[in-house]
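Participant:
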Amino acid sequence: MASTSDPRPVEYAGWDRLRRPVWLFDPTQRRKLYANQAAAELWGAANPDALMARDFSQQSDAVQRRLQRLVNATANGDTVHERWTYYPHGKPVTVEAAISAFEVAPGLQALLFEAVPAEVEPEERRAVEALRHTTTLVTLFDTAGAALFSNPAAFAAYGALDFIGRFQNPEHGKEVLEAVLAAAPHAEFVPVRTLAGERIHHLEARALLDPVTGQSSLLLSERDVTAQVEAEQRAERAAARQRFLSTMSHELRTPLNSVLGFGELLRRTSLDAEQRGHLDRVMEAGDGLLRMINELIALSDVDSDAAPAFSAAAPQPTSEEQAEATRALRVLYADDHEGNRLLVQTVLTAQGHECDVVSDGAEAVHATRGRLYDLILMDIQMPVKDGVSATQEIRASPGPEAAIPILAVTANTLSHQLDVYASVGMNGCIAKPVDFAELIAKVEACVT
């Protein structure tokens with residue numbers, strides 16, 4: 001049936017007399033331009049006008065890609081034969097369609113569908129529809145690497161590009177093609193060249209027989225993992241940066257602990273004016289270096305949104321009255337650096353506390369089994385057994401030592417590191433280089 005606005009009424013009238021369904025579809029405007037009565041019946045419409053009045057604008061990405069492929073394939077006058085499943089009123093109808101380009105009017109190209117209803121097994125119908133709508137790219141190639149079949153996702157990504165041409169490195173693509181056809185299944189992450197530019201795909205390829213010709217062929221399935229790979233690369237770069245900053249912090253703060261700590265002890269001795277001037281310059285240089293290190297460490301935590309489990313910042317020092325009222329404590333300090341051990345031991349002893357020292361985590365665990373301490377100060381990076389492992393072992397002990405407060409004394413004070421210390425049962429952290437006021441305040445606050 002031809003409408004009054006038909007620009008080519010003779011052709012339309014000829015199609016009206018056919019018993020097979022025929023319709024014209026405008027893929028740009030997504031609407032039917034013509035349909036005969038057989039097409040209307042196929043689509044469950046009362047007549048062609050009712051069918052053409054329907055809204056066909058809502059299409060899945062897979063259908064849009066498939067229609068675009070048909071536009072490209074029929075542009076030079078070729079006819080494409082393929083199976084389509086439609087859903088008039090929600091009921092599936094499968095047809096074998098011959099599809100070609102048709103000029104409705106100057107500048108207006110449509111797709112001409114000439115359909116024959118097809119009987120398809122339910123399992124096959126579901127398999128075909130799943131293949132057409134999946135986001136996985138699926139292509140079947142012949143032994144020369146030419147595409148025999150591409151699902152809509154693959155065609156949208158590559159067009160008619162052959163197997164080797166998809167690879168960023170064509171030589172590698174040739175090697176993969178030859179290896180797979182020699183019956184060696186292949187899987188890898190590889191850079192590929194798509195219509196949208198270079199991407200990273202995970203591909204799986206295997207040899208099989210073409211179900212149409214019985215000849216050898218290659219089945220390729222691909223997933224675009226560009227976002228995942230780039231995220232992993234960013235995470236690895238961030239982790240590498242954190243490892244570098246952690247190492248730098250430890251290697252620089254550890255000797256600074258002795259420089260500034262013993263410098264502070266010297267300030268409390270009797271020095272002449274010249275000696276005090278020299279010492280002030282040493283302390284100023286050390287303080288400047290420490291500020292620079294702290295700024296770098298702070299910058300490394302800019303990307304961390306989560307607050308650490310506890311802070312490494314120094315509290316306000318206790319008053320002299322509070323210090324005098326604090327009872328003498330039994331403290332165990334584990335650190336592999338002799339200068340650090342001597343410094344902390346000297347400061348705590350001067351406050352009236354008793355401080356035993358050991359050089360690694362294993363010795364610290366052993367010491368807690370021979371004497372009950374009020375507090376343990378634990379370095380993190382130590383040989384034999386590190387501070388985190390030693391803390392875990394102490395916390396798992398069946399005796400009273402499991403409840404001893406433990407403070408980390410470390411140069412490693414990134415927020416995620418503080419979270420680790422808290423997770424294994426540490427009660428706080430003192431940052432190196434050790435500030436005397438912070439050390440005294442946190443030691444005494446931890447046991448009051």
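By UniProt numbering, the letter at position 296 of the sequence shown is numbered 296, and the numbering carries on one by one without gaps. The C-beta atom is built at its ideal place from N, Cα and C for all residues, glycine as well.
Identify every residue that forms a DSSP beta bridge with Val409.
Facilitator: If you number the sequence shown from 1, residue 409 lands on position 409. Ile430.
Participant: Contact check, Val138 vs Gln168 under 8 Å by CB: the rounded distance?
Facilitator: On the sequence shown, position 138 is the one that residue 138 refers to. On the sequence shown, position 168 is the one that residue 168 refers to. The pair is not a contact, with the Cβ atoms about 20 Å apart (cut-off 8 Å).
Participant: Going by DSSP in three states, Thr318 sits in which element: helix, strand or coil?
Facilitator: Position 318 of the sequence shown, counted from the start, is the residue given in the question as residue 318. At Thr318 the pLDDT is 43, less than 50, meaning the model places this residue with poor confidence and gives no usable figure here.
Participant: Curious, which full-length beta strand (DSSP E) runs of at least 3 residues does the region 1-69 contain?
Facilitator: 22-26 and 31-35
Participant: State yes or no: is the C-beta of Val229 within less than 8 Å of the C-beta of Phe189?
Facilitator: Translated into the one-based positions of the sequence shown, residue 229 becomes position 229. Translated into the one-based positions of the sequence shown, residue 189 becomes position 189. Yes; because the gap between Cβ atoms is below 8 Å, this pair is in contact.
Participant: Any contact between the region 412-420 and the region 230-250? By contact I mean 3 or more CB pairs, one from each, below 8 Å.
Facilitator: yes
Participant: Taking Ala187 as part of the alpha helix (DSSP H), name the residues at either end of that continuous run.
Facilitator: For this step, residue 187 is matched to residue 187 along the sequence shown. Here Ala187 belongs to no alpha helix (DSSP H); instead the beta strand (DSSP E) covers His186 to Thr194.
Participant: Rounding to the nearest angstrom, what Cα-Cα distance links Ala53 and His89 in this structure?
Facilitator: Position 53 of the sequence shown, counting from 1, holds the residue named residue 53. Position 89 of the sequence shown, counting from 1, holds the residue named residue 89. Cα-Cα distance, rounded: 14 Å.
Participant: Within 8 Å, do at least three Cβ pairs link the region 371-389 to the region 204-216?
Facilitator: no
Participant: Take the Cβ of Pro152 as the centre, count every other Cβ of all protein chains shown within 10 Å, and call the residue buried at 16 or more, exposed below.
Facilitator: Reading the sequence shown from its first residue, position 152 is the one you call residue 152. Answer is buried; the Cβ neighbour count reaches 16.
Participant: Identify every run of the beta strand (DSSP E) within the region 112-144, keeping only runs that are complete inside it and at least 3 residues long; order them along the chain.
Facilitator: Within the region 112-144, the complete beta strand (DSSP E) runs of at least 3 residues are 137-141.
Participant: Quick check: what's the CA-CA separation for Leu438 versus Pro405?
Facilitator: Start at 1 with the first residue of the sequence shown, and residue 438 comes out as number 438. Start at 1 with the first residue of the sequence shown, and residue 405 comes out as number 405. For the sequence presented, residue 438 should be read as Glu rather than Leu. Approximately 16 Å between the Cα atoms of the pair.
Participant: Figure out for me which residue from Leu112, Glu198 and Asp142 has the closest Cα to the Cα of Leu208.
Facilitator: As a position in the sequence shown, residue 208 is number 208, starting the count at 1. Out of Leu112, Glu198 and Asp142, Asp142 has the C-alpha closest to the C-alpha of Leu208.
Participant: Work out the CA separation of Leu375 and Val447 for me, nearest whole Å.
Facilitator: Residue 447 sits at position 447 when you count from the first residue of the sequence shown. Residue 375 sits at position 375 when you count from the first residue of the sequence shown. Rounded to the nearest angstrom, the two C-alpha atoms are 7 Å apart.
Participant: Does the region 116-133 touch the region 80-97, meaning 3 or more C-beta pairs lie closer than 8 Å?
Facilitator: yes
Participant: DSSP state of Ser246, grouped into three classes?
Facilitator: Walking along the sequence shown from the start, residue 246 turns up at place 246. In the structure shown, Ser246 sits in a helix (DSSP, three-state: H, G or I).
Participant: With a cut-off of 8 Å, does the C-beta of Val443 fall near any C-beta of chain D?
Facilitator: Absence of chain D from the displayed structure is noted, only one protein chain being present.
Participant: Please name the residue in Gly425, Gln29, Ala408 and Leu24 whose C-alpha comes closest to that of Asn36.
Facilitator: Translated into the one-based positions of the sequence shown, residue 36 becomes position 36. With distances taken between Cα atoms, Asn36 lies closest to Leu24.
Participant: Out of curiosity, what's the CA-to-CA distance linking Ala184 and Leu195?
Facilitator: Locating residue 184 in the sequence shown gives position 184, counting from the first residue. Locating residue 195 in the sequence shown gives position 195, counting from the first residue. Each residue's alpha carbon lies about 28 Å from the other.
Participant: To the nearest angstrom, report how far apart Arg83 and Glu124 are at their CA atoms.
Facilitator: For the purposes of this step, residue 83 is taken as the residue at position 83 of the sequence shown. For the purposes of this step, residue 124 is taken as the residue at position 124 of the sequence shown. Approximately 12 Å, taken between the alpha carbons.
Participant: Could you pull the DSSP bridge partners for Gly197 from this structure?
Facilitator: Within the sequence shown, the letter at position 197 stands for residue 197. Its beta-bridge partners are Thr194.
Participant: Could you compute how far the alpha carbon of Gln392 sits from the alpha carbon of Glu236?
Facilitator: Residue 392 sits at position 392 when you count from the first residue of the sequence shown. Residue 236 sits at position 236 when you count from the first residue of the sequence shown. Near 27 Å, if we compare the C-alpha coordinates of Glu236 and Gln392.
Participant: Pull up the DSSP beta-bridge partners for Leu266, would you.
Facilitator: The sequence position of residue 266 within the sequence shown is 266, counting from 1. The partner list for Leu266 (beta bridge, DSSP) is empty, contrary to what the question assumes.
Participant: Apart from the five residues on each side of it in sequence, which residues of its chain come closer than 7 Å, Cβ to Cβ, to Lys432?
Facilitator: As a first step, residue 432 must be located in the sequence shown, where it is residue number 432. Cβ within range, chain order: Arg253, Thr254, Asn257, Val409, Thr410 and Ala411.
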